[in-house]
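Take any residue in the sequence shown, count from 1 to its spot, add 100: that is its number in the numbering used here. Idealized CB from N, CA, C, for every residue including glycine.
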Amino acid sequence: MHLIETRELSYIYPGNVTGLDRVNFIAPRKTRIAVIGPNGAGKSTLFKHFNGILEPTSGTVLVRGEPVTRKNVREVRKFVGVVFQNPDDQIFSPTVEQDVAFGPLNLGLDEETVRHRVEEALRVVGIAHLRDRVPHHLSGGEKKRVAIAGIIAMEPQVLVLDEPSAGLDPAGVRDIVDFINALSSRLGMTVIFSTHDVSLVPEMADLVYVMDRGRIVAAGTSSEVFAQADLLASVRLQVPVIPRLLAALREEGVDIPMAYTFEEAKDAFLQALRRR
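Here it is, written out as structure tokens:
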């Protein structure tokens, strides 16, 4: 049983605009999943179905094997937490600590449990030192962490992040990459995220889905998906720079293994140099 599964999921916006077109998607346990595609591909629309923000026009969304309905959507939202691209959409309390506590309080938890969850979420996300700060005075990266901490405090098993690296400087992007990897490895969470920066995907995804015009047009590991350069070009995406560089060298006759991450590329270059 997958944590999340969609079967022939379709969604039509008012005006007969297709948001999703027969999408079949699975999210296994303890997996990092990237969803990539151009603007308007349907990534955010798909994410809003995972915890019942949107209801399908047709098809089914299953969470832990059960269809999402109006009757169980509250329980689903405890299990699947969604962090939107703009953290200002989710931050509204006077202090960081109060904002992170908002979700657990609304679950009806007692004060001691809420306090423990808030402490743990602030620690995991690395913002305990910001607990008394006004959220809207923080940097973009810090706001994203506050929004993520607020969801983590509700202890979901699936965390959905819509463009978590958008608007961050390089240091902030690196922090987000390390954080997502840690959530999966240390906490055992399934993390689903979208990004326009394909270079990040091999570093932080076990599975990759490619979307275009409301459909999933490719799925697999990074090596399987990014080997399809023509398909990616057809949906206005590029192969990440590392495999693109190595593919160009191989075409020039350089005997070098294919690689997708920095560490893999370093090993590939060392192997090629040793052979020479």
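Residue burial is scored here from C-beta neighbours: E166 has fewer than 16 other C-beta atoms within 10 angstroms and is therefore classed as exposed. Where L207 is concerned, there is no enclosing alpha helix (DSSP H), because DSSP gives it neither an H nor an E. In the three-state DSSP reduction, T106 falls in the strand class (E or B). The count of Cβ pairs closer than 8 Å, one atom from the stretch 183–190 and one from the stretch 238–249, reaches three, so the stretches are in contact. Between I316 and V310, the gap from beta carbon to beta carbon is short of 8 Å. Setting aside the 5 residues that flank it on each side, S322 is surrounded in the same chain by V301, P302, A305, V308, Y360, each with a C-beta closer than 7 Å to its C-beta; the list follows chain order. Sequence-distant partners of R217 (beyond 5 residues in either direction) whose C-beta falls short of 6 Å from its own C-beta, in its chain, are P204, A253. In this structure, the alpha-carbon of V200 lies about 10 Å from that of E220. Taken in chain order, the whole beta strand (DSSP E) runs of length 3 or more contained in the stretch 275–340 are 290–294, 307–312, 315–320. Shown here, A127 sits in a strand according to DSSP, grouped into three states.
8 Å or more divides the Cβ of D312 from the Cβ of A127. Comparing C-alpha distances from Q190 to each of G159, V168, V163, G250 shows the shortest one belongs to G250.
Proximity to S193 across G226, R231, L332, V225 peaks at R231, based on C-alpha coordinates.
Non-local beta-carbon contacts of L109 in its own chain, meaning distances under 6 Å to residues more than five positions away in sequence, involve L120, V123, P156, G159 in chain order. Taking C-beta atoms under 8 Å as the contact rule, V258 and L103 qualify, at a distance of about 5 Å.
Looking at L283, D188, R286, V273, the one whose alpha-carbon comes closest to that of D297 is V273. Burial of Y111 is indicated by the presence of at least 16 other C-beta atoms within 10 angstroms of its C-beta. At a Cβ-Cβ threshold of 8 Å, V161 and F179 do not count as neighbours. By DSSP's assignment, T118 forms a beta bridge with I112.
Unbroken beta strand (DSSP E) stretches of 3 residues or longer found wholly inside the stretch 139–192: 158–163, 180–183, given in chain order.
In this structure, the straight-line span from the alpha carbon of A372 to that of K366 is close to 10 Å.
I356 is bridged by DSSP to nothing; it lacks a bridge partner. By a beta-carbon distance limit of 8 Å, L349 contacts I356. Their separation comes to about 6 Å.
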